[in-house]
Every structure is written in C-alpha cells, then in structure tokens.
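Scroll down for the structure; my scribbles are underneath it.
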Amino acid sequence: MKPLALEKKKIALSENQEKVIRDKYLRDDNTVEDLFERVAGNIALSEILFHPGAEEWGVFEGVKYLRQEREAGEPRTLLLHYGLAESSERELNFLKLVANLKKTRSNVEEAKALANRAQAGFYGMMAAFDFLPNSPTLMNAGRELQQLSACYVLPVPDSMEGIAKALTAQSLIQKSGGGTGFSFCRVRPKGDTVKKSNGIASGAISFMKLFDKLTDVVKQGGTRRGANMGILPYWHPEIKEFITLKSRQGMLENFNISVALDNKFMKAVETNSAYDLLNPRTLAPTGTLKAREVFNSLVEAAWATGDPGIVFIDRINETNSNPTPALGQVESTNPCGEQPLLPWEACNLGSINLANFVTGELTRGKIDWDRLAEVTGRAIRFLDNVIEINNYPLPEIERIAKGNRKIGLGIMGWAETAVKLGVSYDSPEGMKKAEEVIKFINEKALEASEGLAGERGVFPNWKGSIYDAESEHFRGAAARPRNAARTTIAPTGTIAIAAGLQGSGIEPFFAIAYTRYNAKALDAMKNNKDADVKDTFFEVNALFKLLAQRNAYFGLDEKTLWKKVEANHKSVRGIPEIPKRIQDLFPTAHDVSVENHIRIQAAFQKHVDNAVSKTINMASTATTEDVKNCCLLAHKLGCKGLTVYRDGCKAQQVLNLTPGTAAKHKKKKSGCRSFGVSSEYFQLKT
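FYI, the numbering for the sequence shown is 376 to 1061, going by my numbering.
Rendered as structure tokens:
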C-alpha cells in the first residue's frame, strides 16, 4: 500500500479558511493536508488497541495500566493513569503507549492494514470538510499534549482540599485547550460557620473568582482562550448576588454563568409562591424568596448583560442527557451549555458539515441520506477512537470517560443547508426539515454505536443505565450502545470557519454583510486601542453573493447592492429589488423572531441526546418582557437550557452590526455567548 501522503489531493481553501486553520491548528504542520494526516493517523492508532492481538504485538510493553473487565467475554477497559500520582509519570506512561502503537503499526502488517484503512476514511471526511472534530483534537492529536476533549465538568466540594484539587484539574485542562464547567451548589454560603477554624465562610461566589483568576493566569498558551461555566441552583442562599454578578464591570470575564432551575421553581413562578433557600452543608432552610421576584431579577440581568443563562437541570437528569443516573446527578454543563456531564466527566465533540450533503441545484437541493448515514457512522467510530487515544489530565477523568464513553456528534452549517434546500430557516417547513434531519442523524448514530458495541463491547457502565431493561432506571428503550450518549449540537465557531461555513452550529446567518473582530482586535479594544485593520473584517455572505451574481445583482450594480444591505441593518429582507423568495432564504439572526429562535432550538432538541448550544439573538430594542416570554417558551417547548443575547448589551462583540462603535465598549464576554461565525472575507468600499 502506498503511503497515504502520496495519495492526497491538494485541499482547496478560501482565504478565510486558510487564515483560521493556519492561526489555530497548523503550527508544525506545513499544510492543511499535513494537519488532517496528523489527526487521522493518530486517531487511527486506536484500531490497534482494540485488536485482540495488541498485547501479543507488544503494544503494552513497558506501559503501566489497569485492565478492567466487567463481565466474562466483554472487552476490557484499560486505565493508563491508575496508580500514577504525578502528572509527569502519567505523561511518560502515555507517551510510551503511543510509541509502542507507532512501532507496532510499522512492524506488524495486520496492524498497519487496520490503521491505514481507518486513517484513509478519517482523512477523507476531514479533507472534504464533511466532518471536523472539536478544536482540541485538531490542535493536539499526534502532538505531545494529546489532550483531545473539549468539555470537562469538575466537582467543587465544600472543602479546601477538594477545591484545590478542582483548581489543579482546571489548570491542567485549560493549558491544553479544554473548557471546564462547575456547579458551586455544594459550597456553603457566605457567612456560614467553619467549625475547624472557628471562622466564617467566604461563600461560593468568592471561590468562583478564584477559578476565574486561574484562567487568566493559564490563558491556554494563546491558542484557545480559557472558558468556564459556573452554575448555581436557585435554592442556594447566594443566588440573588449570583444573578447580578456579571453586571459589574470586569467581573468573572472568563465565565459564562447559568442558574439551575427545575419544574418546582417554574410552577412557583407561575403561582407567585415562595420557596426555601437551603444551606448546602446541612440542607436546612436559611430563608425564603418569592420565585417570581427571583425570576424577574434573572430576566433583567440577562436583558442587561446576556448573563445568566438558564439550565433546566431536572429535564437534563430525566432524559438521555443523564444515561447513568445510578452514578449520580448531572449538576453542570460545559462552558457553552450543550454538554451536560457528571463530575469529573469529559466529552469529545465533532460536527458534520450538513451543507456538504445537499445535492442538486442551489435552492432546489435534496439531502443525500445514504452518504449522510455513511459519514455519521464513520464519525461515531472516529469519536469513539478519540476516547481511547486521549491523554486524560487526571485518573478520575479517565475512569469515568472510559466508563461512560460519551461522545457528542452534531451538525454545523444549518443556515447554508436551508438555503441550498430552498427552505426558509425560520419557516414551519424549515423547522420540520430540521427535526427530520437531526432525527435521522440521531438514529444512525445509535445504530453505529450499537455496531461498535458488537466489535468492542457496550460502555462499561451500561448495567444499571437507562438502556438496561433490568435496571430501576430503565426508561423503556432497550439498547446496547458503545457510547452512553452520542449526539450534541455545539456552537462550532472556529471549526465552522475552518470548514468554509458562515452558519455555525444551527445558528442563522448573523448578517449578510457585517464586521467581524478576531481575538487580537478584541484585546486591543479592551485596552481602548484601535484594532489593527488585519484583525477587523467586513464580510459578505458567500451564498447570497453567488445568487446576486446569477441574478445580475437584482438590477443594481454590485457596490450599490452592498450599500443597500449595509444600510438595511445588514439584512436583505425588505429590500424591494431582491425577490421575496430570495429574501426569505436569508434571514439574519435579528430577522428571526425570538419565538422562532426558540422553536428552532426546540425542534433540534427533540432528537439530541445531550443538549443544544444556541444563542437567542434579540434586537437592542427588545424589552425585559421579551426575555421573560423567551424563558417561559423555552421551558414549555422542552429546551434544556437557554442563552439570550440582546444586541449591544455586552461590550465588544465578535460580530457587530455597527462598525466603528465597538472600540467604545468594554471587554467581550467569554465563551460562547458571542458570535463566531464567518464566511469569506470581502473588503467593502461603502
């Protein structure tokens, strides 16, 4: 077999794709082909690990590991970090395993054939931009760090020792590109007693500031900014202060924050009832609050700053988002909210570029269901392989990640897909198509995972899970998947740009012509400096540009058309020269009504195991009543969380409808509550 490098074709890239790939992922790779070969080759090594002959081939020679076997005949789980207390020991042990795998691939023909076959398939779907894994996998696979997961949730217990351990874990994760989620529900409130020292507790919020400061210190080497999710339940005594925390300038800039709500609270809002605040140390009531007053405070803060978001925590725990309730309750999510996880759990994500699966004439296309099923299956295999070849920061993380084997396959480019299909993003037809597509992917993901279980075994914690018909937690759908959860819709900000998309995740186009700022520009503006021109971009939607060219710019000259779009709040809707059918295909984030934003999120959520990351974009003129109705509708329609963002409410935005004003703002908020989508760069002369 020829080396794969000789079989590669040059991958065509737009200027925009090349910029983001070079900036984020290449480093010691010379080309994008080298990047994908590095990643595909590394992930393919897992195929050797799963082979029955791996031990005989010498894969584990000199490697310390614990072999776990749940039942006779079930494939084993290898825990590489077991008993290794020091991170340096774990690092050397993992590097030894990788070296052995590479040696085996070179020396054993059967191993070489296994890995080469998998590598070819993985490389092909990435090179075609049919699928991309999360950024940490692209950055770290095949390199020394080998930390491949995007999402982690860390416990924050009510003890100094436990908090110190969480801080250590956070630093190890964030230095290599991972995001961390925390629930502070267990930390005793400010003013509570500390018996051992005869002192007074500083409270949950004081410790949040410590985690925030650590992110500033780590900074992830400038490759991927540190991001955190901080969650506090509505019953915690510090909830009122928590809700308004981000309204103070410079407060928790590395955190998204969310309030954990449940049906009990929502019913209390409806009836204007009071509820008890509870001391998490004793579970004793410490006071009462009116639910409606707390809810209104939350609404006002979200209107003013975009924070806090909402997590419907009981809905997460009562659905497939917690497939192993016997192991405990989910208390937090990753920074963007789409991945609920148990304490110490990690998850690796990847997204299918759905726009690539539409065939036929633009605006009259059809989905190639057969090819979509094929790539879904290959992506599930890729993500399961990532679990095995991942270098976990701590033994606790490795144990639960390999025990549940959660993955998060999602989609990106839904806005482009809708245009290619000829359906309006925010129409009933568009929502019906969204539900149809994600249902298909979810079903094929389960089929693929069950197929993998036939080869490699079900996930080790299957017994007692929601899929086990003999379990008290069984929910009526027996299955034997390799992965406890399989589907997640992530925001895909950077990988969407890398794939040549403007529509990240399931978001609509932010605008048809707009200004985008990269991280360097935002840092400059934070310090009241002008952003460098190379870090500030005016952009035009690529599909609209193509349709405009085909329609002779609708009877206008090109420059006049772009001026009209820019003057029309960067939207094409309402411009008389543009046919209504084309206007309908290109709604911007602010053309889509708040209600339809939520209905689209709910349509996708129906058939996603985990959750959905989506920003409910609101015009700057939106009212607190609009935000309130938004929250109530999201709960009614079955969403698992909610993030609202009123245009201009928060400092510097990655995308901006009003160029030239952003430099007057404060620093942008961290994480995913901003806009990271893009298309090709076009400098506008307007």
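A virtual CB, placed ideally from N, CA and C, is assigned to each residue, including glycine.
Counting C-beta atoms within 10 angstroms of its own C-beta, K955 has fewer than 16 neighbours from the protein chains shown and is therefore classed as exposed. When the beta-carbon positions are compared, V528 and E720 come within less than 8 Å of each other. Assigned with DSSP and collapsed to three states, I991 falls in strand. Assignment of F640 by DSSP, reduced to helix, strand and coil, places it in the helix class. Closest by C-alpha distance to N723, out of S577, Y928, T863, is T863. Boundaries of the alpha helix (DSSP H) harbouring N692: 688 to 692, taken from the DSSP string.
Beta-bridge partners assigned by DSSP to D651: T663.
For R1021, DSSP records a beta bridge to M993.
In terms of CA proximity to K565, N654 leads the group M604, A539, N654, R756. Residue ranges of uninterrupted beta strand (DSSP E) with 3 or more members, entirely inside the segment 744 to 818 and ordered along the chain, are 782 to 787.
For Y842, there is no enclosing alpha helix (DSSP H), as DSSP marks it with neither H nor E. Along the length of the segment 460 to 485, whole beta strand (DSSP E) runs at least 3 residues long do not occur. Beyond the five residues adjoining it in sequence on each side, I870 comes within less than 6 Å, by CB distance, of L507 in the same chain, given in chain order. Annotation for S558: the continuous beta strand (DSSP E) segment containing it runs 554 to 558. G574 and S534 have their C-alpha atoms spaced approximately 14 Å apart.
DSSP, reduced to helix, strand and coil, places M626 outside both helices and strands of the structure shown, so it counts as coil. Counting along the chain, A888 sits inside the beta strand (DSSP E) bounded by residues 888 to 892.
DSSP places T619 in the coil class of the three-state scheme, outside both helix and strand. In the DSSP assignment, F586 falls within the alpha helix (DSSP H) that extends over 579 to 593. Residue pairing from DSSP places N631 in a beta bridge opposite M604. Cβ neighbours of G788 within its own chain (closer than 6 Å, five residues either side excluded): N728, L729, A730, L876, G878. Less than 8 Å divides the Cβ of A486 from the Cβ of T479. Under the three-state reduction of DSSP, Q714 is assigned to coil, being neither helix nor strand.
Comparing alpha-carbon positions, the option among D907, G880, D409 lying closest to I386 turns out to be D409.
Nearest Cα to G839 within the set T998, F849, K981: F849. Approximately 6 Å separates the beta-carbon atoms of I538 and F582; this is inside 8 Å, confirming the contact.
Looking from the CA of G605, the closest CA among D587, D591, V434 belongs to D587.
Pairing R623 with I580, the inter-Cα distance amounts to about 13 Å. Residue pairing for R442: DSSP places it in a beta bridge opposite L453. Checking the DSSP bridge columns, you'll see P508 partnered with G725. Fewer than three Cβ pairs drawn from the segment 785 to 801 and the segment 821 to 840 lie within less than 8 Å of each other, which leaves the two stretches out of contact. With respect to the 8 Å criterion, I418 and V750 are not classified as neighbours on the basis of their beta carbons. By the C-beta density criterion, Q704 is exposed, having fewer than 16 other C-beta atoms within 10 angstroms. Look at K939 here: in three-state DSSP terms it is helix. C-alpha of D743 to C-alpha of T792: approximately 12 Å in a straight line. DSSP, reduced to helix, strand and coil, places L529 within a strand of the structure shown.
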